[in-house]
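Each remark here refers to the structure printed beneath this line.
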Amino acid sequence: MQNRPSGFGNPWLQLGVSVVCVFGSELLLKRGATEIAAPDDAFSWTGINGLASPLVWWAIVLIIASFLSWLYVLRYIPLSLAYPLSRVVDILVPLGCWIFLGELISTLRWCGIALVVFGLALVAKPIAKMEERL
Amino acid sequence: MSFLAFMFIVISLLAFVTAQLILKKAMEFSATKGMRNSYFVSRVAIGVVLMTISFFLTLGLLQRFDLSYLYPFQGLSVIFITMLATVVLKEKINARLTIGALLITAGIVLVSMS
Numbered sequence: 001m002q003n004r005p006s007g008f009g010n011p012w013l014q015l016g017v018s019v020v021c022v023f024g025s026e027l028l029l030k031r032g033a034t035e036i037a038a039p040d041d042a043f044s045w046t047g048i049n050g051l052a053s054p055l056v057w058w059a060i061v062l063i064i065a066s067f068l069s070w071l072y073v074l075r076y077i078p079l080s081l082a083y084p085l086s087r088v089v090d091i092l093v094p095l096g097c098w099i100f101l102g103e104l105i106s107t108l109r110w111c112g113i114a115l116v117v118f119g120l121a122l123v124a125k126p127i128a129k130m131e132e133r134l
Numbered sequence: 135m136s137f138l139a140f141m142f143i144v145i146s147l148l149a150f151v152t153a154q155l156i157l158k159k160a161m162e163f164s165a166t167k168g169m170r171n172s173y174f175v176s177r178v179a180i181g182v183v184l185m186t187i188s189f190f191l192t193l194g195l196l197q198r199f200d201l202s203y204l205y206p207f208q209g210l211s212v213i214f215i216t217m218l219a220t221v222v223l224k225e226k227i228n229a230r231l232t233i234g235a236l237l238i239t240a241g242i243v244l245v246s247m248s
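In order, the protein sequences belong to chains Y and X. So the first sequence is numbered by our numbering: it starts at 1 and just counts up by one. So the second sequence is numbered by our numbering: it starts at 135 and just counts up by one.
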């Protein structure tokens, strides 16, 4: 972590950028998918019809941006630190679904989401170490 | 949720995890042998194809389900990686991983019932 660039090149800022881009892309994908949803059409299981929505294309831009900033982060921050921190997106996405998409999340679903988040918090570090070796 | 939808969720996640591992192998290979060789190019191509498959399957699923319903299933990727690590790396799973995997599984069962 020596010679860490400052300003926009600060790896911690880029980690934040990456997380925000993932969060934004998930919400945009859902909006886009809803826009062109054709659940009765079997072909729509392939998702290819989703390309008709501009929101999906914006989501793709954000996915690429998050990927680039993530690669940058990995040059400076060890995976076993960066990966657990990046999992904050697992809390942001359900909150975003509730606030921005107006999804009605039942108590049962909140409980399930909470268990998944606790489980991920527990395993994030050992998993990152495994991935370093895989 | 139908069996078909569950299958697509699992295939999408497996494709994503496999792509990550293949891309990582390719990048490690390129660090010593460079990028101008068929091994590197073919691995990157396979990785990109798998990630694309995963992306479109997710887009198909999002047309049918809430994001707050589908998103927790991504926790399953951790369980796939753990299984791969035990098989590929012959790692012993410690108590922390076991408890975490059980919590994630329990959480996903609750979400899929909701």
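Just so you know, even glycine gets a beta-carbon here, dropped at the ideal spot from N, CA and C.
Whole-angstrom Cβ separation of X:PRO206 and X:VAL151, contact assumed at under 8 Å?
-> With a Cβ gap of about 16 Å, X:PRO206 and X:VAL151 do not count as contacting.
Neighbourhood of Y:TRP70 by C-beta, 6 Å cutoff - its chain only, sequence neighbours within 5 removed = Taking Y:TRP70 as the centre and dropping the five residues before and after it, the same chain places the C-beta of SER18 closer than 6 Å to its C-beta, in chain order.
Identify, in the order they occur along the chain, each residue of the same chain with its Cβ nearer than 8 Å to the Cβ of X:SER248, setting aside the five sequence neighbours on each side.
-> If we look at X:SER248 and ignore the five residues flanking it on each side, its Cβ neighbours are TYR203.
Which class does X:GLN208 belong to by DSSP, given the choice of helix, strand or coil?
-> Here DSSP, grouped into helix, strand and coil, assigns X:GLN208 to helix.
Bounding residues of the alpha helix (DSSP H) (the contiguous stretch that carries Y:ALA42) | For Y:ALA42, there is no enclosing alpha helix (DSSP H), as DSSP gives it neither H nor E.
Residues near Y:LEU29 by beta carbon distance below 6 Å, same chain, minus five either side | The answer, listed in chain order, is ALA59.
How would you list, in chain order, the residues of chain X whose beta-carbon sits under 7 Å from the beta-carbon of Y:SER44?
-> Listed along the chain, the chain X residues whose CB falls inside 7 Å of the CB of Y:SER44 are GLY194 and GLN197.
So which residues on chain Y does X:SER248 lean against when the C-beta distance must stay under 7 Å?
-> In chain order: SER106, LEU108, ARG109 and GLY112.
Hey, out of X:ILE187, X:ALA229 and X:LEU201, whose CA is closest to Y:PRO94's CA?
-> Among X:ILE187, X:ALA229 and X:LEU201, the Cα nearest to that of Y:PRO94 belongs to X:LEU201.
Answer yes or no: does any C-beta atom of chain X fall closer than 7 Å to that of Y:ALA59?
-> It does not; no Cβ of chain X falls within 7 Å.
For Y:ARG133, return the contacting residues in chain X, with the cut-off set at a CB-CB distance below 7 Å.
-> For Y:ARG133, the chain X residues whose Cβ falls inside 7 Å of its Cβ are LEU223, in order along the chain.
Taking Y:VAL89 and X:GLY209 to be in contact with their CB atoms under 8 Å, please state how far apart those CB atoms are, rounded to whole angstroms.
-> With 8 Å as the limit, Y:VAL89 and X:GLY209 do not qualify as a contact, their Cβ atoms being about 12 Å apart.
Length of the line joining the Cα atoms of Y:GLU132 and Y:TYR83 = Approximately 11 Å between the Cα atoms of the pair.
Rounded C-beta distance between X:VAL212 and Y:VAL56? I'm assuming under 8 Å.
-> Actually they are not in contact, since the Cβ atoms of X:VAL212 and Y:VAL56 sit about 27 Å apart, beyond 8 Å.
Grouping DSSP H, G and I as helix and E and B as strand, with all else coil, what is X:MET141?
-> Helix.
Measuring only between beta-carbons, confirm whether Y:PRO5 sits less than 7 Å from chain X.
-> Answer no: the Cβ-Cβ gap between Y:PRO5 and chain X never drops below 7 Å.
X:PHE190 and Y:THR46: beta carbons closer than 7 Å?
-> Yes, the Cβ-Cβ distance between X:PHE190 and Y:THR46 is below 7 Å.
As assigned by DSSP and simplified to three states, the class of X:GLN154 = In this structure, X:GLN154 counts as helix in the three-state DSSP scheme.
Keeping to the same chain, check which residues put their C-beta closer than 7 Å to that of X:THR220; ignore five residues upstream and five downstream.
-> Correct list, in chain order: ILE227.
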